Structure formats: structure tokens, C-alpha cells
Amino acid sequence: MTKKDLEKRIVTGPDGKQFEIDPIKDYFLDAKPEVHSPTSFKVVEKFLNWARSESIWILGYGTGCGAMELPPLMTPRFDAYRFGIQMRPTPRQSNLLIVSGYLGIKTLKRVIRSYEQMQNPKYVIALGSCTINGGMYWDSYNTINRLDYYMPVDLYVTGCMPRPEALLAGFDKLKELIRTGQAENANKYAEKFDWYKKNQKQIIKDWDMPDYNW
Amino acid sequence: MKATLERLKGFFGASDEVIQRDDLVFLTVDKENLVSALTYLKNEAGFKHLVMMSVADWLEEGKFQFTYHVNSHELKKDIALRVFINRDNEDMYTIHTLWPTAMVYERENREMFGINFPGCPRVEENFVLEGWEEMPPNRRDFDTKEYSDKTFFPRDGRTTNDPREYMKEKLYSEEEK
Amino acid sequence: MNFDWIKILYSLLTIFIVMNIGLVLQGIMRKLGARVGRRHGIRIYQAYIDLIKNYSIRSSVSHGVMFFLGPVFRLAGGVGMLLFLPVIYGSEHFSNFSHYGDVTLIMYFMFLGMLGMAMGAGEAGHPYSPIGISRGLAQLTASEVPLILAIISVMAQYQTFSITEIVAAQQGGIMNWTLFTNPFATAAAMLSFLGAMGRAPFSVVIAPQEIPIGPPTEFNSTYLAVLQTNRAIFPVAKVIWYMALFFGGATSWPILIIKAIIIYFWSVFVGAVFPRFRIEQSLRWFVKIPALLGVIAIILVQV
């Protein structure tokens, strides 16, 4: 999909009728995200949070060199399945996005699309120093410096690259955050949506997608 | 191999022979002779494999240097042809008719150096950068640090050390005294 | 006619028990797969947590009415199939509708869910969903060829369409089971069972490594949870269906569980050992030896 596909245009239907289409309006729903507040029953919410923390589904999307650290996590040596962590190939079904390493502008666009397609509650772990301050690519023309300007980050795992053990410790920490109800960043994204969108659009000059990808 | 080099030198005006290794020779040709020399290498001399095509920016001389690196599987030899063009607004001949893969190289070089290749298909599409508005980033007069500082919200508190000085101080400070 | 309200409760209880059996079997199955791969593997109760988690996701995206109905059809296929089966033979409470349905109805229910998913996944608009669906339907159809041959043989053998009567004919000793009275039909059906269960080597349809996870690509949160519920109920319903046809049915819950584990793990053991078939390979596989066994079974019964 390029920018041209999203422009308004006049299309001739199979029956010869002409009609105008506006792809952004007609093909996509770009309503803003909503805040889904937790259940008011404390006990129920606590139980659900426990279930969420014990069943974390990762979106299998590697952005940088850190993607290499994810396969060993699932294989016999580290075996993250023990902790209820599984890989999912589609953003619709996953809860956790691991931004594994440096992000080019081109990749950031895809990451944002994937992140927005995930369902509330969703979590982000940023892996490696590149996502914190740019790491060794801090003065590059094409990689971002700080991830938290574009999407809310729950947890940073530092290192270049962090070993799978560090990632496992990160999962433990994330579980603790979820259990104590602090991992509500999907709602934070909805609340500060305009600010995040402004930052994203400042970086991504070639914005060829709807404002919010459902 | 020897006959090929002689032919290149005699017929295509190749000069500045640099024998890098036994199986790798660099030659410089004129821009006008490049396509015919490559056609000869591919079709007659058996150098059928385009290993790579690269561009270097000679800012001080005001030149771009192209290197077309071809390989012969039978002879197990490599020849690299260098071409210099002016840095300002000069186009380059496309070689996608010889090697379709060159299309991708040319697309990339157009994006990274701003050199146009008239006639190359899809050359104007985005390759890596999407919606780039500044000067092509691989030109040496483009300041990536400045651009990054301006664009990417740098995080405060980052310190940078010169690796040479820093290591001298940290690791070998005892020995100096 | 007086309607017995308590039967509704017993039907719900049947579904609940079968769902739990399915979830536990799923856990054991995945643990087994992990141990074969020298991993420690998930916790046995992980399937329960995943289910609760998916029901507790706060937002969901729907693509239209058929998208909503897809998982409903799928669940209806599983539950409907279960309710028309004599889950516990001879039990007044757990026979449900088994006196009304017959073999053809169950065959229809096996297909219903997949067709519902086809429409739901089609409306999702994701290009991978229709590919997954067409693969799934092709494989299911191919795997039903030997099954139908085997069932024709069994029906000819017992001269009845009713499952309850087929089970009744197998009572009174292990030697009365179809397994021993008609071994070729059983062999054909058990080979077809591998395809119906969707485990390796026939798991290309929903394998995450292939086109991402196939038909359920777009299904999220609660929709996925409904599909997961069905994924617990449906295999056990299929196991009970094979149990009724070939292994003498079950007269009590413990016997049902034991037989279910054995039949279920037949496909799990095969899946743990064999690599995945491509879709055209599995189609060819089903119409060769399993179909041949089915034809032999019919001929033997007629002779």
C-alpha cells in the first residue's frame, strides 16, 4: 500500500456507475482508541490480572538484532513456555510486543501498526540500549533514539544485546507489574493519543495509513 | 585473463591498473565506455556474475566513484571497473539490461546519493527511506549527527568519549606513569 | 408430553465435563510434545489460564455479523455434535438427544463448524484466513473419504443408522467391539482420525509457522476464547464419536475418560513423531491406503 492508494478517487463499478471513494474513510475505521478502565470489583480484577500475567502471548515480530535473542528463549535451553509465555504470529491475539533492538523509521511505522492492532490490555517490552537512547546508532539518520516518544513502554531490558536470562528476568518483572495493576499502558496510549500521534507523524514523513489502525 | 585485460586497456581505454590480488584487478574506465566494456565482459569474456555495484563519495575532488565488480566462475577471477563522474547533477548509465539485479543497486544509490539513472525501471520508488525530504543521507556533506539531534528527541545525559583517549586513561593509565 | 427441565442441566453438565476433559487433555498433550522436544514444557493447567485470559481481554474488534457468527458456528458444531452422541451409553441423564440423531447428522456437524469459520474468516478480510480455510476444508474432505467408507461398512454390518443401536450391538464383552468384528473399517477410520484431529502430520492448517495460524488469524479476545472453548470440546466429541462407532462406547464416566485418553493420544503420539505434510501430500495420503482399507472393509462386510 502506498500513499497513492489512500487518495480520494473516482472508481467505475462493474455496472458502469461511477462513484467516489475515500479509502481512509471507506476502507478503514480510524476512530480514536478508547480507555477501557479495569473492572470495579477489586477481587475479580485481581484474579483476571493474575490470569493475564500467567499467560503472556508475545507477538513474533523482531525489529532489530535483538530478534535473535527470542528463538533461544523458546527452545529447550531457556524454555519460556514454563512461565506461560508463548509466541503468537498475529497482533490480534498477542498481549506483549517486544521491540527487539534498534528501530528504523520504516520499521517504526510497522511497529506502530502492529501495536495498535493489539487488544487492550497490551504491554511493551523494549529490548536493548537502542530503544532507550539510540545505543550505538544514536547519531544515525534513520534510527529513532527514544521509543517512549512513540508508544508507552512498560519495561526496558538494557544491554547490547541482553541475554535471554535478562529477558526472563524482565518477564518476571512484567508479571509483577501486571499483577499489581500497574501495566495499564494501553489506556495511557489512549489518553495521550494526540501527543503520541504528533511525535509519530513528526518522524514518519510518508504517513500512508489511517491515524489509528484497528 | 591477460587477453581480457589487454582488450579492456586497448579497446575500451581502461587505465590505472591495480592488481589487488592474483585474482582481482581494478581498472578505471571512462563513463562513456562503461556499458560497452561491461557488455564485452559479460557476453564475451565470461564474467557473467555482477558481484556488486557500489558508489563512493569523493567530496574533496567533487567526484562520485562507481565500482562495478564482476566475476567469472570459469576463470575464478574478478575484475572491478571504476568510473568517476562529476558530483554535481550528473546522471549515470543504467546497466539493468545486462544484470536485472542492478536495478536494486541503482534504486538504492539514487536514494542514498541522489544520482539519477535514467531508464532504469522503478528507480524512483522508495528503497529504504520512506518519505525522505532532506539531502540524500550518504553524501558526505550530510551531517547525520545534526539531523539526528534535530529529529529524534535525543535523551539527555548521554556522554561520548573518544575511544582512544578513554581506553588509554581507563586501561593503561598505570603503565604511562 | 411433559418436558423434563432437569435434562437441560444434565446437558450443560455434559458440556462442562467434556470441556474440562478437553482442556486437561490439551495440557497433557502439549506437555508431551514439549518432553519429546526435550523441553520442560507448559504447565498442565496452562490451557485454563489462556482461556480465562482471552475472556478477560477488554477490547475486541469485529468485522461484521458473519465474523461474529464464525466462532458461534464453530462452537455450535462442537456442542451439537456432542449432544447428539450417546456420551454415556445406557445412562438416562447423559444420553441427551442421542435417540433422535443418526450417523449422517453427526457427519454434518463435523463439517458445520468449518463452514461457519469459512464465512467468518472470509469477512475478516485477511488474505491468510481464506487460504487457511480452503486448506482446512480440502484436508477435512479428504480425511472424510476413508471415514465414510468405514462408516458405510459399519452401518452395513449392524444394519442400522442409529448410533445408539450401533453402541448397543457392541455391548457384552470386548470381542463384540467393531475393533474386532470389523478391523479393516476401524483401521481406515483411525487413520482418518489423524486428519480430523488436525495434529501433525496434518496440522498445516493452523500451524503458526505456516501462513500465520490459518483461519483464526483475525479472531481476537473473546472470539478467540470461544474458538478455544470449542477446541477443548470438539476433539473430545470426535473421540466419543469414534468410541461409539468402533470401541464399544462408554457406560460410565471413568471408562469414557480412559478410552478417550487412549484414542486421543493415538493422534498425539503420531503427531509427536511425524513431521508435517504439505496439503497436497496429505490429500494424496488419505485417498491411498486409508481409502483402500475402507473399500476392503465394505467388501468384507458384503461377502
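Chains as they are written, first to last, in the numbering used here: chain Z, 94 to 307; chain A, 45 to 221; chain L, 779 to 1081. Where a beta carbon is used, it is the ideal one built from N, C-alpha and C, also for glycine. Here the structure is a predicted model, which is why all the values come from computation and not from measurement.
Query, Result
"Z:Gly-155 - partner residues in DSSP beta bridges", "Per DSSP, none; premise fails for Z:Gly-155."
"Where A:Arg-184 falls: helix, strand or coil (DSSP)", "coil"
"Nearest neighbour of Z:Gly-159, chosen from Z:Tyr-120, Z:Asn-278, Z:Ala-259 [CA to CA]", "Z:Ala-259"
"Z:Asn-235 - DSSP class collapsed to helix/strand/coil", "coil"
"Same chain, Cβ closer than 7 Å to Z:Gly-106, neighbours up to 5 away in sequence not counted", "Phe-112"
"Below-9 Å beta-carbon distance, Z:Ile-225 vs any chain A residue", "yes"
"Neighbourhood of L:Val-1004 by C-beta, 8 Å cutoff - its chain only, sequence neighbours within 5 removed", "Pro-849, Val-850, Arg-852, Leu-853"
"Interfacial residues, the region 827 to 855 of chain L to chain Z, with Cβ spacing under 7 Å", "Ile-827, Asp-828, Ile-830, Lys-831, Ser-834, Ile-835, Arg-836, Ser-837, Ser-838, Val-839"
"A:Asn-130 classed as buried or exposed, judged by whether at least 16 other C-beta atoms fall within 10 angstroms", "exposed"
"CB contact flag (L:Phe-918, L:Met-888, <9 Å)", "For clarity, residue 918 of chain L is Leu in the given sequence; the question names Phe instead. Closer than 9 Å, so yes."
"Check whether Z:Pro-214 and L:Arg-836 have beta carbons under 9 Å apart", "yes"
"Buried or exposed by the 16-neighbour rule on C-beta atoms within 10 Å, applied to L:Asp-828", "buried"
"Member of A:Ser-98, A:Trp-176, A:Tyr-112, A:Glu-61 whose CA lies at the smallest distance from the CA of A:Thr-83", "A:Tyr-112"
"Under 7 Å from the C-beta of A:Lys-46: neighbouring residues of chain Z", "Neighbours of A:Lys-46 on chain Z: none; closest Cβ ~45 Å, over 7 Å."
"Best match in Z:Lys-199, Z:Asp-115, Z:Gln-210 for proximity to L:Glu-996 [C-alpha to C-alpha]", "Z:Gln-210"
"Rounded C-alpha distance that separates L:Gln-804 from L:Phe-1043", "10 Å"
"The beta strand (DSSP E) enclosing A:Ala-58, as first and last residue numbers", "Premise fails: A:Ala-58 is in no beta strand (DSSP E) and is neither H nor E."
"Per-residue burial, Z:Ser-133 [other beta carbons within 10 Å of its own, 16 or more giving buried]", "exposed"
"Sub-9 Å separation of Z:Arg-181 and Z:Gly-153 beta-carbons", "yes"
"Inter-residue Cα distance where the pair is Z:Asp-115 and A:Asp-193", "37 Å"
"Listed by chain order, chain L residues near Z:Asn-213 by CB distance under 8 Å", "Ile-835, Arg-836, Ser-837"
"Chain-ordered residues of the region 236 to 253 of chain Z with a beta carbon less than 7 Å from chain A", "Ile-237, Asn-238, Arg-239, Tyr-242"
"Proximal residues of chain Z, C-beta to C-beta of L:Ala-812 below 7 Å", "Tyr-174"
"CB of L:Val-1079 within 9 Å of CB of L:Ala-934, strictly", "yes"
"Close beta carbons around L:Ser-981, own chain, < 8 Å, minus the five adjacent residues each side", "Gly-1049, Arg-1054"
"Span of the beta strand (DSSP E), counted from its first residue to its last, around Z:Ile-103", "102 to 105"
"Three CB pairs or more closer than 8 Å across the region 235 to 251 of chain Z and the region 117 to 134 of chain Z", "no"
"Inter-stretch contact (C-beta, 8 Å, three-pair minimum) for the region 873 to 893 of chain L and the region 903 to 923 of chain L", "yes"
"Proximity test, Cβ basis, 9 Å: A:Arg-199 and chain C", "No chain C is part of this structure, whose protein chains are labelled Z, A and L."
"A:Thr-72, DSSP secondary structure in three states", "strand"
"Beta-carbon gap between Z:Ile-296 and A:Phe-196 smaller than 9 Å", "yes"
"Where Z:Tyr-195 meets chain A, residues with beta-carbon distance less than 9 Å", "Within 9 Å Cβ-Cβ: nothing; Z:Tyr-195 doesn't reach chain A, min ~12 Å."
"Z:Gln-275: contacting residues in chain L (beta-carbon distance under 9 Å)", "Correct list: empty, because the minimum Cβ distance to chain L is about 16 Å."
"Short CB-CB distance (under 9 Å) between A:Glu-177 and chain Z", "yes"
"Test: Z:Ser-187 CB closer than 9 Å to a CB of chain A", "no"
"Separation of L:Ile-786 from L:Ile-795, as counted between CA atoms", "14 Å"
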